[in-house]
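Asker: For the sequence shown, the tail end lands on 455 under my numbering, and the numbers increase by one without skipping.
One structure follows; several queries about it will come next.
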Amino acid sequence: MKNIFLATAVMTAVTLSSCSVDGTHEAPVKDPIRMTVGAYSDENTKADYEYDESTGRRRMVWSPGDALSVASFTDGVRTTAEGAAWSRYDMISDDAGFDREYAEFSGEALIPDDAAGTISQSLYAVYPAEAVADNTADTIHFPSVQTYYPDSFDEKAVLLLSDVLEVSVNTDNPQAEAGAFRFRHHTGYLHLKPDNLPESIADETVSTVTLSADEGIPVAGDFGIAIDPATSEWTLTAGTATTDEITLDFDEAAVTVGELTDIWFSLLPGKYDKITFTITTVQESRVCMTREGLEIKSGVLKETGISFGTGDEFIRTESLSLDGNDLGLKASNTSQLTTETKNGIRFTYKDLSYKTSQEAKHISFKAKTGILYNADPLPGDIVRIEIDITENAPAKYTYVSFGTETDIYETEGLKGESAGVNTFRPDENISCRYFRIENKSPLYAATASSIKIYYSVPQ
């Protein structure tokens, strides 16, 4: 079912005469033509922003601040004015109050500079207006990051394209009445219902859910627009700035894996032979599920279940913490290389000691020579290391390296920034199970209230 908006347009302008200082008369100067467009939503809309309990459907409603980008053809030729190929039509607010089902928009009409008399125009509109980021270029941007909502897709990721709206304009007395604007959903919608997700991470908070298309098929980014005035058809063609991934951001949601029962995506239409959904938690555990044969149609809400099972991938991120109570640290620096074990992993250090602060024991790295590394490989690939450093100056001299072997460190010289938790990550393309932490400050001991090592373990 198409999403239909009915619109009427009234164009008004004021013609002014002007005189120069010497009294000679100049040609009349026309103010820009302003167009007012009214639009209301159709209750039969199939996929939309809110659930209407009275009809049992999701339907389109306007939101305060909505706007349209409008292109025009004059007598069959694309209209540009002072380089602009698109005009923005903003919602009109008045004292009558906001009506979700009917709204008016006003914007500057695009009229050729040499136009005179009565001209015929064909108008086309895009919603939201922000999808056309540059009014001089025929490019639509579809977002690669969408915001998670528990009961619907991200309204900012909806893309509506209009059918043609024919108008006649008398440039000398520019008043006109237009027919109906008819919008249709270009985007389709996916309602994914996950099931049987791993119980061991049920209490972990979801960070993102990523949809990845197979073989680099573009699903978001910049797409070129072409409008055929003969058929009133839109064509979108992938440009160079596209991506094969869409990420659903859960930052404001505080949803755990165990609570994740509904996932909503807004998607461009197309057939996907293979598509992968990846659920990533704040702790960086990952659940990857690949499925085949997904088809998305414009204006259609597709509902499908997805159950974790055989063949799917689950990688849990586990952690190991160190503080001044571990590794047999003493109150004074140990000048010899010393090896101690925690959680079955041997760690080697030199010039480390513990430092008491408010009854807690911290790890202190001696200036220039304090060093700590693991002599045994971690059980899985290192995801990140978090070092909570107590002071600014030594933080800037705290360096972390990551290695594939004890003597091969692929990622060198990552250093801290300031007091507090400093996060260090290896190159994501390299599998690292070794790390080395060093204090290279010539003056200051570096004190860490804790060191946390996060590593991934396939389940």
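Positions of the beta carbon are idealized from the N, C-alpha and C atoms, including for glycine.
Does DSSP put Glu211 in a helix, in a strand, or in coil?
Answerer: For this step, residue 211 is matched to residue 215 along the sequence shown. It is helical.
Asker: To the nearest angstrom, report how far apart Ala327 and Ala442 are at their CA atoms.
Answerer: As a working mapping, residue 327 is identified with position 331 in the sequence shown. As a working mapping, residue 442 is identified with position 446 in the sequence shown. Taking the straight line joining both Cα atoms gives about 15 Å.
Asker: Short of 6 Å in beta carbon distance, which residues of its chain neighbour Ile311, apart from the five on each side in sequence? Order them along the chain.
Answerer: In the sequence shown, the residue the question calls residue 311 occupies position 315. Arg282, Ser452 and Pro454, listed in sequence order.
Asker: For Gly324, which residues in the same chain have their Cβ closer than 6 Å to its Cβ, ignoring the five residues on either side in sequence?
Answerer: Position 328 of the sequence shown holds residue 324. Hits under 6 Å: Glu336.
Asker: Can the beta-carbon of Ser294 be found closer than 9 Å to that of Val154?
Answerer: Taking the first residue of the sequence shown as position 1, residue 294 is located at position 298. Taking the first residue of the sequence shown as position 1, residue 154 is located at position 158. Not a contact, by the Cβ cut-off of 9 Å.
Asker: Check whether the segment 342 to 350 and the segment 417 to 424 are in contact - that is, three or more C-beta pairs closer than 8 Å.
Answerer: The segment 342 to 350 is not in contact with the segment 417 to 424.
Asker: Within its chain, find whatever has a CB closer than 7 Å to the CB of Ser315; leave out the 5 residues flanking it on each side and keep chain order.
Answerer: Translated into the one-based positions of the sequence shown, residue 315 becomes position 319. Excluding residues within five positions, the ones whose Cβ falls inside 7 Å are Lys448, Ile449 and Tyr450.
Asker: I need the straight-line Cα distance from Gly307 to Asn329, nearest angstrom please.
Answerer: Mapped onto the sequence shown, residue 307 falls at position 311. Mapped onto the sequence shown, residue 329 falls at position 333. Cα-Cα distance, rounded: 51 Å.
Asker: For the 8 Å Cβ check, are there 3 or more pairs between the segment 161 to 169 and the segment 221 to 235?
Answerer: No: fewer than three Cβ pairs fall under 8 Å.
Asker: Does the Cβ of Ser83 have 16 or more other Cβ atoms within 10 Å, making it buried, or fewer, making it exposed?
Answerer: Here residue 83 corresponds to residue number 87 of the sequence shown, with the count starting at 1. Counting Cβ neighbours within 10 Å, Ser83 comes out buried, since at least 16 surround it.
Asker: Taking C-alpha atoms, which residue in Leu106, Glu211, Gly103 and Lys152 lies nearest to Glu126?
Answerer: Reading the sequence shown from its first residue, position 130 is the one you call residue 126. With distances taken between Cα atoms, Glu126 lies closest to Lys152.
Asker: For the structure I just gave you, are there three or more beta carbon pairs, one from the segment 87 to 99 and one from the segment 71 to 79, closer than 8 Å?
Answerer: Taking 8 Å as the limit for Cβ pairs, the verdict is that the segment 71 to 79 does not touch the segment 87 to 99.
Asker: Taking Asn435 as part of the beta strand (DSSP E), name the residues at either end of that continuous run.
Answerer: Start at 1 with the first residue of the sequence shown, and residue 435 comes out as number 439. Note, Asn435: beta strand (DSSP E), Tyr430 to Asn435.
Asker: Where does Phe142 land, buried or exposed, given buried means 16+ other C-beta within 10 angstroms?
Answerer: Taking the first residue of the sequence shown as 1, we reach residue 142 at position 146. In the sequence on display, residue 142 carries Gln and not Phe. By the 10 Å Cβ count, Gln142 comes out buried.
Asker: Would you say Phe101 and Ile115 are within 9 Å of each other, going by their C-beta atoms?
Answerer: Counted from its first residue, the sequence shown places residue 101 at position 105. Counted from its first residue, the sequence shown places residue 115 at position 119. Result no, Cβ atoms of Phe101 and Ile115 do not sit closer than 9 Å.
Asker: What number of angstroms, rounded off, separates the C-alpha of Ser353 from the C-alpha of Asp384?
Answerer: As a position in the sequence shown, residue 353 is number 357, starting the count at 1. As a position in the sequence shown, residue 384 is number 388, starting the count at 1. Distance between the alpha carbons of Ser353 and Asp384 is about 14 Å.
Asker: Alpha carbon to alpha carbon, how far is Asp322 from Ile426? Give it in angstroms, no decimals.
Answerer: Taking the first residue of the sequence shown as position 1, residue 426 is located at position 430. Taking the first residue of the sequence shown as position 1, residue 322 is located at position 326. Cα to Cα, the separation comes out at about 29 Å.
Asker: Which same chain residues, not among the five before or five after Tyr120, have their C-beta less than 6 Å away from its C-beta?
Answerer: Position 124 of the sequence shown, counted from the start, is the residue given in the question as residue 120. Answer for Tyr120: Ala67, Ser158 and Ile223, listed in chain order.
Asker: Of the choices Arg429, Leu106, Lys189 and Ala112, whose alpha-carbon is the least far from that of Gly399?
Answerer: Looking up residue 399 in the sequence shown gives position 403. Gly399 has its Cα closest to that of Arg429, out of Arg429, Leu106, Lys189 and Ala112.
Asker: Which class does Gly254 belong to by DSSP, given the choice of helix, strand or coil?
Answerer: In the sequence shown, the residue the question calls residue 254 occupies position 258. Gly254: helix per DSSP, three-state reduction.
Asker: Helix, strand or coil: how does DSSP classify Ser196 here?
Answerer: What you label residue 196 is simply residue 200 of the sequence shown in a count that begins at 1. Three-state result, Ser196: helix.
Asker: Taking one C-beta from the segment 246 to 253 and one from the segment 196 to 208 each time, how about it: are there three or more such pairs within less than 8 Å?
Answerer: Flag = yes, the segment 246 to 253 and the segment 196 to 208 touch.
Asker: Say yes only if the C-beta of Ser281 is nearer than 8 Å to one or more non-hydrogen atoms of the ligand ADP, and no if none qualify.
Answerer: In the structure shown, the ligand ADP is absent, as is every other ligand, since no ligand is present at all.
Asker: Suppose you measure from the CA of Thr239 to the CA of Thr135; what does that come to, to the nearest Å?
Answerer: For the purposes of this step, residue 239 is identified with residue 243 of the sequence shown, where counting begins at 1. For the purposes of this step, residue 135 is identified with residue 139 of the sequence shown, where counting begins at 1. Rounded to whole angstroms, Thr239 to Thr135 spans 15 Å at the Cα level.
Asker: Considering Ala129, what are the terminal residues of the alpha helix (DSSP H) in which it resides?
Answerer: Indexing the sequence shown from 1 puts residue 129 at position 133. Counting along the chain, Ala129 falls outside any alpha helix (DSSP H), and DSSP gives it neither H nor E.
Asker: According to DSSP, what are the bridge partners of Ser360?
Answerer: The count along the sequence shown starts at 1 and reaches residue 360 at position 364. Ser349 and Thr443, per the DSSP bridge assignment.
Asker: So, are the CB atoms of Glu424 and Val396 less than 9 Å apart?
Answerer: In the sequence shown, the residue the question calls residue 424 occupies position 428. In the sequence shown, the residue the question calls residue 396 occupies position 400. No; because the gap between Cβ atoms is not below 9 Å, this pair is not in contact.
Asker: Provide the residue span of the beta strand (DSSP E) that contains Pro190, from first to last.
Answerer: Against the sequence shown, residue 190 aligns to sequence position 194. That run of the beta strand (DSSP E) goes Gly184 to Asp191.
Asker: Classify Val73: buried if its beta carbon has 16 or more other beta carbons within 10 angstroms, exposed otherwise.
Answerer: Looking up residue 73 in the sequence shown gives position 77. It counts as exposed.
Asker: Alpha carbon to alpha carbon, how far is Ile242 from Phe361?
Answerer: In the sequence shown, the residue the question calls residue 242 occupies position 246. In the sequence shown, the residue the question calls residue 361 occupies position 365. Going by the C-alpha atoms only, they are around 43 Å apart.
Asker: Please state whether DSSP places Glu299 in a helix, a strand or coil.
Answerer: The residue given as residue 299 occupies position 303 in the sequence shown. The answer is strand: DSSP assigns Glu299 an E or B state.
Asker: Under three-state DSSP, which class holds Ala237?
Answerer: Residue numbering aside, residue 237 sits at position 241 when the sequence shown is read from its first letter. In this structure, Ala237 counts as strand in the three-state DSSP scheme.
Asker: With DSSP as the reference, label Asp18 as helix, strand or coil.
Answerer: As a working note, residue 18 is residue 22 in the sequence shown. With a pLDDT of only 44 at Asp18, under 50, the local geometry of the prediction cannot be trusted, and the value read off the model is given with reservation. Coil, per DSSP.
Asker: Using the beta-carbon count (16 or more within 10 Å), is Lys189 buried or exposed?
Answerer: Against the sequence shown, residue 189 aligns to sequence position 193. The residue is exposed, with fewer than 16 neighbouring Cβ atoms inside 10 Å.
Asker: Tell me which same chain residues have a C-beta within less than 6 Å of the C-beta of Gln279, skipping the five on either side of it?
Answerer: Along the sequence shown, read from residue 1 onward, the residue named residue 279 stands at position 283. If we look at Gln279 and ignore the five residues flanking it on each side, its Cβ neighbours are Glu200 and Thr313.
Asker: Where does Glu151 fall in DSSP's three states?
Answerer: Residue 151 sits at position 155 when you count from the first residue of the sequence shown. Note: Glu151 maps to helix in three-state DSSP.
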